[in-house]
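**Student:** I am attaching a structure below and will ask some questions about it afterwards.
In my numbering, the protein residues as written are 12 to 279.
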């Protein structure tokens, strides 16, 4: 009968060592892959949109209009006649005020620009009464789907979804006005609603005739029959394209052969 050797005094098995090294190698590879995947994600975060539609300068133009790139700002001082000027908002969001230099105004409303210029010009005049006028470009919304004129549209103000759909020209046979989708994009709290615009035409019920805001997206979907037709068309189109090419080639070859026959007979 042999005495058992305690585990801590046994010789280390080389196979166990190899398994341990293999496990450590696999773990290292997995950690390297994980770091490669997470590094681009961290870099991408600084470019992701964090608020609203994604534009740098936003506001509610119907409550109080605001300036953005390319808009014009005109100011005058009711107390000092020489204190006046105008400027176009540059790509960096600033206008040039002679006494102050570049002043950042993009995204500001008229009253906010008046308060800002009053503050900036105060060191140069004992008393000021700044008045500002702004000339802005049209704000836009978007219409897509079964309409004759899709794309961005100028938002005139006090504009409803019924106005937007009818102005874009819904298709008579394919537009599903009972399922019009309104999207108000936001990374934190997006608003998506399906609105029955057809009720206004059938019953006069204007419950779903909501007012549009800047950058709203309106989608007029196809009817069920139109969706089926589009699906069949997508299935058939590749075949018809190939067949058309083949028939065109055969037709060209036949014409060439006929031309050769007539040439041999001396007709050409």
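Each residue gets a CB set at the ideal place from its N, CA and C atoms; glycine is no exception. Note that the structure is predicted; figures quoted are calculated from it, not measured.
Distance check for residue 88 and residue 134, CA to CA, integer angstroms please.
**Tutor:** Residue 134 and residue 88: Cα-Cα distance of roughly 14 Å.
**Student:** Report the rounded CA-to-CA distance for residue 59 versus residue 139, giving the unit in angstroms.
**Tutor:** Looking at the two C-alpha atoms, the distance is approximately 42 Å.
**Student:** Report back the beta-carbon spacing between residue 167 and residue 151 to the nearest angstrom; my notes put them in contact at under 8 Å.
**Tutor:** With 8 Å as the limit, residue 167 and residue 151 do not qualify as a contact, their Cβ atoms being about 11 Å apart.
**Student:** Would you mind stating whether residue 155 and residue 230 have Cβ atoms separated by less than 8 Å?
**Tutor:** Their beta carbons are under 8 Å apart, which means residue 155 touches residue 230 by this criterion.
**Student:** With a 10 Å radius around its C-beta and 16 neighbouring C-beta atoms as the bar for buried, classify residue 226 as buried or exposed.
**Tutor:** Buried.
**Student:** Using C-beta distances below 7 Å, list every residue in its chain close to residue 185, excluding the 5 sequence neighbours before and after it, in chain order.
**Tutor:** Correct list, in chain order: 157, 233, 234 and 237.
**Student:** Can you give me the Cβ contacts of residue 85 inside the same chain, cut-off strictly under 6 Å, excluding the 5 residues immediately before and after it?
**Tutor:** 97 and 144, listed in sequence order.
**Student:** Among 178, 196, 214 and 201, whose alpha-carbon lies nearest the alpha-carbon of residue 189?
**Tutor:** Of 178, 196, 214 and 201, the residue nearest in Cα terms is 214.
**Student:** Does the contact criterion of 3 or more C-beta pairs under 8 Å hold for the segment 195-204 versus the segment 109-128?
**Tutor:** The answer is no - the segment 109-128 does not touch the segment 195-204, with fewer than three Cβ pairs under 8 Å.
**Student:** I'd like to check one pair, residue 209 with residue 64: are the Cβ atoms closer than 8 Å?
**Tutor:** Not closer than 8 Å, so no.
**Student:** Whole angstroms are fine: how far does the CA of residue 38 sit from the CA of residue 163?
**Tutor:** Distance between the alpha carbons of residue 163 and residue 38 is about 52 Å.
**Student:** Give the C-beta separation of residue 223 and residue 175 to the nearest angstrom, bearing in mind that I take them to be a contact with Cβ-Cβ under 8 Å.
**Tutor:** With a Cβ gap of about 6 Å, residue 223 and residue 175 count as contacting.
**Student:** How big is the Cα-Cα spacing for residue 100 and residue 251?
**Tutor:** Cα to Cα, residue 100 sits roughly 53 Å from residue 251.
**Student:** For residue 69, I'd like the list of residues in its chain whose CB is within less than 6 Å of its CB, leaving aside the five on either flank, ordered along the chain.
**Tutor:** Cβ neighbours of residue 69 beyond the five flanking positions: 63.
**Student:** According to DSSP, simplified to helix, strand and coil, what is residue 113?
**Tutor:** Residue 113: strand per DSSP, three-state reduction.
**Student:** Going by DSSP, what residue range makes up the alpha helix (DSSP H) through residue 5?
**Tutor:** There is simply no residue 5 to check, as the chain begins at 12 and stops at 279 in what is shown.
**Student:** Hey, how far is the Cα of residue 239 from the Cα of residue 248?
**Tutor:** Near 14 Å, if we compare the C-alpha coordinates of residue 248 and residue 239.
**Student:** For residue 217, which of helix, strand or coil comes out of DSSP?
**Tutor:** In this structure, residue 217 counts as coil in the three-state DSSP scheme.
**Student:** For the alpha helix (DSSP H) holding residue 121, just list the boundary residues, first then last.
**Tutor:** First-last of the alpha helix (DSSP H) with residue 121: 121-132.
**Student:** Mind checking residue 242: buried by the 16 CB within 10 Å criterion, or exposed?
**Tutor:** Result: exposed.
**Student:** The alpha helix (DSSP H) that contains residue 174, what's its start and end?
**Tutor:** Here the alpha helix (DSSP H) through residue 174 covers 172-179.
**Student:** Can you pull the DSSP bridge partners for residue 186?
**Tutor:** Answer is 233.
**Student:** For residue 79, count neighbouring C-beta atoms within 10 Å of its own C-beta (all shown protein chains included) and say buried if the count is 16 or more, exposed if not.
**Tutor:** Looking at its Cβ environment, which holds 16 or more other Cβ atoms inside 10 Å, residue 79 is buried.
**Student:** Alpha carbon to alpha carbon, how far is residue 95 from residue 131? Give it in angstroms, no decimals.
**Tutor:** One C-alpha to the other measures close to 13 Å.
**Student:** Going by the beta-carbon positions, is the gap between residue 136 and residue 207 smaller than 8 Å?
**Tutor:** No, they are not a contact pair.
**Student:** Quick check on residue 38: does DSSP put it in helix, strand or coil?
**Tutor:** Of the three classes helix, strand and coil, the one that applies to residue 38 here is helix, per DSSP.
**Student:** In this structure, how does DSSP classify residue 238 when only helix, strand and coil are distinguished?
**Tutor:** Here residue 238 sits in helix by DSSP.
**Student:** With which residues is residue 143 paired in a DSSP beta bridge?
**Tutor:** Residue 143 is bridged to 86.
**Student:** Starting from residue 166, follow the beta strand (DSSP E) in both directions and report where the run begins and ends.
**Tutor:** That run of the beta strand (DSSP E) goes 162-166.
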